[in-house]
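J.: For what it's worth, full-length UniProt numbering labels the leading residue of the sequence shown as 1, then goes sequentially. Before we start, here is the structure in question, set down as structure tokens.
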Amino acid sequence: MPHAEDSRNASRPPIVRRTYLLDREFQLKYILLLTGMGAGSMLLFGVLAQQVNRMAAEGGLSGEETLWWLTGVATVGLGIALGLFGLLFTHRVAGPVHVMSLYVAALAAGRYPRLRPLRRKDELRAFFGRFSEAVDRIRQREADEALALEKALAVLKDVATTPESREAMATLEALRARKRQAVDTSAPPATFKSVA
């Protein structure tokens with residue numbers, strides 16, 4: 001039996017995914033920024049090293065110790081600059097992810113919150129736009145279903161005479177109320193942390 005499985009796998013071409021630029025604008029922006037930071041820092045270091053060598057030659061001194069100090073300062077400076085860049089970048093990405101995770105928690109609890117826009121420099125705008133559109137469509141569908149239940153309940157109200165039909169009407173009314181409450185954004189949610 002293993003032989004048959006091996007022959008099936010042998011005839012199937014291997015799946016190789018080679019698309020590295022999934023979100024061109026987002027990825028290229030930061031690739032170019034990091035490349036520029038690296039090239040700029042190396043250029044600055046080269047210019048400073050050249051000046052140290054020139055000053056040492058003019059003064060008749062050895063520039064080796066000064067070059068070591070320059071290397072140390074450049075390393076620490078580049079580390080600090082990259083750390084600050086990392087903090088800024090992660091803030092611009094983590095903010096929208098955090099907001100969306102709060103919205104997902106609200107959706108899981110059965111509420112459809114109104115979504116606030118992202119901050120001006122936040123990343124993941126296209127993803128957040130698709131996410132917002134999906135939430136709006138789900139909210140609208142829930143509102144439409146609540147309205148349909150409301151209309152059906154109004155029609156069936158007079159004909160529900162048996163205990164079973166009144167119980168079914170009560171179940172439908174509870175479902176309508178839950179759907180209406182889920183899409184009602186005028187009342188502030190009691191347990192949901194505000195993300196506005």
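Quick reminder that beta carbons are idealized off the backbone N, C-alpha and C, glycines included.
Is it buried or exposed for residue 55, if we count other Cβ within 10 angstroms and need 16 for buried?
T.: exposed
J.: Is it right to say residue 42 is buried, meaning 16 or more other beta carbons lie within 10 angstroms of its own, or is it exposed?
T.: Exposed, since its Cβ has fewer than 16 Cβ neighbours within 10 Å.
J.: From 71, 37 and 38, pick the residue whose C-alpha is nearest to that of residue 52; which is it?
T.: 71
J.: If we ignore side chains and look at the alpha-carbon of each, how far apart do residue 105 and residue 84 end up?
T.: 31 Å
J.: Between the region 91-108 and the region 63-80, do three or more beta carbon pairs fall short of 8 Å?
T.: no
J.: Considering just the uninterrupted stretch of the alpha helix (DSSP H) at residue 95, what are its terminal residues?
T.: 64-108
J.: With residue 93 and residue 123 assumed to form a contact (beta carbons below 8 Å), what rounded beta-carbon distance in angstroms separates them?
T.: 5 Å
J.: Give me the Cα-Cα distance between residue 228 and residue 172, rounded to the nearest whole angstrom.
T.: The displayed coordinates of the chain run from 1 to 196. Any statement about residue 228 would go beyond what the structure contains.
J.: Can you check which of these residues, 150, 29 and 114, is closest to residue 177 by C-alpha distance?
T.: In terms of Cα proximity to residue 177, the closest of 150, 29 and 114 is 150.
J.: Can you list, in chain order, the residues of its chain with a C-beta nearer than 6 Å to that of residue 48? Leave out the 5 residues immediately preceding and following it.
T.: 70
J.: How about residue 160 and residue 112: are their beta carbons less than 9 Å apart?
T.: no
J.: Taking DSSP as the reference, what is the three-state secondary structure of residue 40?
T.: helix
J.: The alpha helix (DSSP H) that contains residue 168, what's its start and end?
T.: 163-183
J.: Can you round the beta-carbon distance between residue 103 and residue 115 to whole angstroms, since I take them to be within the 8 Å contact cut?
T.: By a beta-carbon distance limit of 8 Å, residue 103 contacts residue 115. Their separation comes to about 6 Å.
J.: Can you list, in chain order, the residues of its chain with a C-beta nearer than 6 Å to that of residue 191? Leave out the 5 residues immediately preceding and following it.
T.: Any reading at residue 191 must be qualified, since the residue scores a pLDDT of 44, below 50, and its modelled position is unreliable; no value is offered.
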